[in-house]
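Working notes for the structure below.
Protein chains in written order, with our numbering: chain A, 76 to 297; chain B, 76 to 297.
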């Protein structure tokens, strides 16, 4: 297995994270790098969705991935099998990434000619929502087994996401999950959110998601 | 539907949480109250497991429940249907509870003759693991759809739990979840952890769990 680089990121020294996030977005714009911040609960399917996304887009876009985790490098090793550039970020126990930590990650990744950089954030619906990473767009994955009521319980996460992927729709028959009600709850929190039901395992719905992503990347790089 | 009391808990003023947690445990011991801290990812099945646990034990033990959530009171309303004492704690955006916040919750619950108090912590595998709530025992629920690799990624949570309930075992055939491997990973983090596979929806395995709980409560109250 390919050796994955591990970067231990340091805690930020900046008090004003929003300012740092804006500065990072400006730098990304200048360098033509689109940064996607991907968030979810533990086990919602971030890595599997990423694998499928990379397979679909790696001939179209130059992709780089940052895998943030408290510990372990299992996800980065999985992603490295796709052949794209990947780096493992260890947060040293921190439950989220802020803009300065994301900047350290991007420097470690050495974006160079990368067009689409993806940050797989720590699996957590609370803290990552509170810190602007400097990403151009925020995406989150809600998986069917978690239940359709999650937008009621984790309001901030749903309100800051540009796109919500509803994953594991293949197991819908085995869970009490009402897709229409879930969409309604999401739009209560965020009327502008794009909602795309997918199954990363079977590939269902992935075209709608990658189309959305490709369009956002080209708009940003225009 | 019964009106549920909502308590807005304030941020703690104490720097030394471990000390506060020890003091709380001493008070609980003196008053014969067993406090269980129940943690998990969002959507792993804390509330459903609690419902089943209460149904099984409410004629044996006097139970009180604290439902911690960032927002919303859906869980507390659900629990209130069982007829046990319940209070909703709003953390005001906080991603975890510490000992002082838990003490506020217990005072709000008015433990009085309660023998078993249960804190349903915020759905999060990271931050709640870092703060001793003062509970007598820590329990966590890992659900099958989340994957068997979670002990690798959230080491602290698994290392501090006395008991791990592996929930939603009814859907095991639809997920790539290896129970033996999962147990091995949990014991890597915590050799002493009791592991109980359950399905809160169908009731499978619930007897083993409530037996464990009843024994712990009587030991504590001896």
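Where a beta carbon is used, it is the ideal one built from N, C-alpha and C, also for glycine.
Evaluate residue 293 of chain B with the Cβ neighbour count: other Cβ atoms within 10 Å of its Cβ, from every protein chain shown; 16 or more gives buried, anything less gives exposed.
Along the second chain, one-based indexing puts residue 293 of chain B at 218. Counting Cβ neighbours within 10 Å, residue 293 of chain B comes out exposed, since fewer than 16 surround it.
Integer-rounded CB distance, given that residue 84 of chain A should sit under 8 Å from residue 164 of chain A:
As a first step, residue 164 of chain A is located in the first chain; it is residue number 89 there, counting from the start. As a first step, residue 84 of chain A is located in the first chain; it is residue number 9 there, counting from the start. Between residue 84 of chain A and residue 164 of chain A the Cβ distance is about 5 Å, and since that is below 8 Å, they are a contact.
By DSSP's criteria, residue 274 of chain B is part of a beta bridge. Which residues make up the other side?
Numbered from 1 along the second chain, position 199 holds the residue referred to as residue 274 of chain B. Bridge partners of residue 274 of chain B: B:279.
I need the DSSP call for residue 83 of chain B, collapsed to helix, strand or coil.
Residue 83 of chain B sits at position 8 when you count from the first residue of the second chain. Residue 83 of chain B falls in the strand class under three-state DSSP.
Cβ atoms of residue 209 of chain A and residue 82 of chain A: under 9 Å apart, would you say?
One-based indexing of the first chain puts residue 82 of chain A at position 7. One-based indexing of the first chain puts residue 209 of chain A at position 134. Annotated as distal: residue 82 of chain A and residue 209 of chain A, with beta-carbon spacing of 9 Å or more.
Strictly under 9 Å for the Cβ-Cβ distance: is residue 225 of chain B near chain A by that measure?
Position 150 of the second chain holds residue 225 of chain B. Chain A contact via Cβ: present.
Cβ of residue 231 of chain A less than 9 Å from any chain B Cβ?
Position 156 of the first chain, counted from the start, is the residue given in the question as residue 231 of chain A. Interface residue (Cβ-Cβ distance to chain B less than 9 Å): residue 231 of chain A is classified as such.
Closest by C-alpha distance to residue 151 of chain B, when choosing among B:115, B:133, B:177 and B:195
To locate residue 151 of chain B, count along the second chain from 1; it is residue 76. When each option's Cα is compared against that of residue 151 of chain B, the closest is B:195.
CB residue 214 of chain B to CB residue 114 of chain B, shorter than 9 Å?
Along the second chain, read from residue 1 onward, the residue named residue 214 of chain B stands at position 139. Along the second chain, read from residue 1 onward, the residue named residue 114 of chain B stands at position 39. Residue 114 of chain B sits close to residue 214 of chain B, with the two beta carbons spaced by under 9 Å.
Please give me, in chain order, every unbroken run of the alpha helix (DSSP H) with length at least 4 that falls completely inside the segment 142 to 174 of chain B.
Runs found: 149 to 155.
Under three-state DSSP, which class holds residue 212 of chain B?
On the second chain, residue 212 of chain B is found 137 positions in, with the first residue counted as 1. Strand, per DSSP.
How about residue 250 of chain A and residue 220 of chain A: are their beta carbons less than 9 Å apart?
Locating residue 250 of chain A in the first chain gives position 175, where the first residue counts as 1. Locating residue 220 of chain A in the first chain gives position 145, where the first residue counts as 1. Against a cut-off of 9 Å, the Cβ pair of residue 220 of chain A and residue 250 of chain A comes out as a contact.
Distance, residue 206 of chain B Cα to residue 259 of chain B Cα:
By one-based count along the second chain, residue 259 of chain B stands at place 184. By one-based count along the second chain, residue 206 of chain B stands at place 131. Rounded to the nearest angstrom, the two C-alpha atoms are 25 Å apart.
Starting from residue 202 of chain B, find everything on chain A with Cβ-Cβ shorter than 9 Å and list it in chain order.
Translated into the one-based positions of the second chain, residue 202 of chain B becomes position 127. By Cβ distance, chain A contributes 170, 199, 201 and 202.
For residue 285 of chain B, which of helix, strand or coil comes out of DSSP?
The sequence position of residue 285 of chain B within the second chain is 210, counting from 1. In this structure, residue 285 of chain B counts as helix in the three-state DSSP scheme.
Look at the alpha carbon of residue 160 of chain B and the alpha carbon of residue 247 of chain B, and state the distance between them as a whole number of angstroms.
Within the second chain, numbered from 1, the residue matching residue 160 of chain B stands at position 85. Within the second chain, numbered from 1, the residue matching residue 247 of chain B stands at position 172. Each residue's alpha carbon lies about 34 Å from the other.
Contact belief for residue 169 of chain A with residue 204 of chain A at Cβ below 8 Å, rounded distance in angstroms
If you number the first chain from 1, residue 169 of chain A lands on position 94. If you number the first chain from 1, residue 204 of chain A lands on position 129. Rounded to the nearest angstrom, the Cβ distance from residue 169 of chain A to residue 204 of chain A is 14 Å, too far for a contact under 8 Å.
Check whether the Cβ atoms of residue 108 of chain A and residue 190 of chain A lie closer than 9 Å to each other.
In the first chain, counting from the first residue as 1, residue 108 of chain A sits at position 33. In the first chain, counting from the first residue as 1, residue 190 of chain A sits at position 115. Yes, the Cβ-Cβ distance between residue 108 of chain A and residue 190 of chain A is below 9 Å.
From which residue to which residue does the alpha helix (DSSP H) around residue 70 of chain A run?
One cannot answer for residue 70 of chain A here, as it falls past the ends of chain A, which runs 76 to 297.
Quick one: what's residue 337 of chain A bridged to in DSSP?
Any question about residue 337 of chain A goes unanswered here, given that chain A covers just 76 to 297.
Who are residue 217 of chain B's beta bridge partners in DSSP?
Working through the second chain from its first residue, we reach residue 217 of chain B at position 142. Paired residue(s): B:241.
Residue environment, residue 88 of chain B, which counts as buried when at least 16 other CB atoms sit within 10 Å
As a working note, residue 88 of chain B is residue 13 in the second chain. When all chains shown are included, residue 88 of chain B counts as exposed.
Quick check on residue 186 of chain B: does DSSP put it in helix, strand or coil?
One-based indexing of the second chain puts residue 186 of chain B at position 111. Correct three-state label for residue 186 of chain B: coil.
Taking 9 Å as the CB-CB limit, is residue 221 of chain B close to chain A?
In the second chain, counting from the first residue as 1, residue 221 of chain B sits at position 146. Residue 221 of chain B counts as touching chain A.
Which residue's Cα is closest to the Cα of residue 132 of chain A: A:192, A:86, A:222 and A:226?
Taking the first chain and counting its residues from 1, the one referred to as residue 132 of chain A is at position 57. Minimum Cα-Cα distance from residue 132 of chain A among the listed residues A:192, A:86, A:222 and A:226 corresponds to A:192.
Specify the secondary structure class of residue 269 of chain A as computed by DSSP and reduced to three states.
The residue you call residue 269 of chain A lines up with position 194 of the first chain. In the three-state reduction of the DSSP assignment, residue 269 of chain A falls in the strand class.
My guess is that residue 135 of chain B and residue 238 of chain B are in contact by the Cβ rule of under 8 Å, so how many angstroms apart are they, rounded?
Position 60 of the second chain, counted from the start, is the residue given in the question as residue 135 of chain B. Position 163 of the second chain, counted from the start, is the residue given in the question as residue 238 of chain B. The pair is not a contact, with the Cβ atoms about 18 Å apart (cut-off 8 Å).
Taking the straight line between their C-alpha atoms, what separation do you get for residue 138 of chain B and residue 296 of chain B?
Counting from one through the second chain, the residue named residue 138 of chain B turns up at place 63. Counting from one through the second chain, the residue named residue 296 of chain B turns up at place 221. So the alpha carbons of these two residues sit roughly 14 Å apart.
DSSP state of residue 296 of chain B mapped onto helix, strand, coil:
Position 221 of the second chain holds residue 296 of chain B. Reduced to three states, the DSSP call for residue 296 of chain B is coil.
To be precise: take each residue of the segment 106 to 118 of chain B, compare its Cβ to all Cβ atoms of chain A, and keep it if any distance is under 8 Å. Which residues remain?
Across the segment 106 to 118 of chain B, CB contacts with chain A closer than 8 Å involve 116, 117 and 118, in sequence order along the chain.
Can you name the start and end residues of the alpha helix (DSSP H) that residue 96 of chain A belongs to?
Residue numbering aside, residue 96 of chain A sits at position 21 when the first chain is read from its first letter. Taken as a continuous stretch (DSSP letters only), the alpha helix (DSSP H) holding residue 96 of chain A covers 92 to 106.
Within the same chain, show all residues whose beta-carbon is closer than 7 Å to that of residue 278 of chain A, passing over the 5 residues directly before and after it, in chain order.
Against the first chain, residue 278 of chain A aligns to sequence position 203. Within the same chain, residue 278 of chain A has close Cβ partners 127.
Under the rule that 16 or more other beta-carbon atoms within 10 Å means buried, what is residue 281 of chain A, buried or exposed?
Taking the first residue of the first chain as position 1, residue 281 of chain A is located at position 206. By the 10 Å Cβ count, residue 281 of chain A comes out buried.
Between which residues of its own chain and residue 92 of chain A is the CB-CB distance below 7 Å, once the five residues before and five after are set aside?
On the first chain, residue 92 of chain A is found 17 positions in, with the first residue counted as 1. Here the set comprises 173, 174, 206 and 207.
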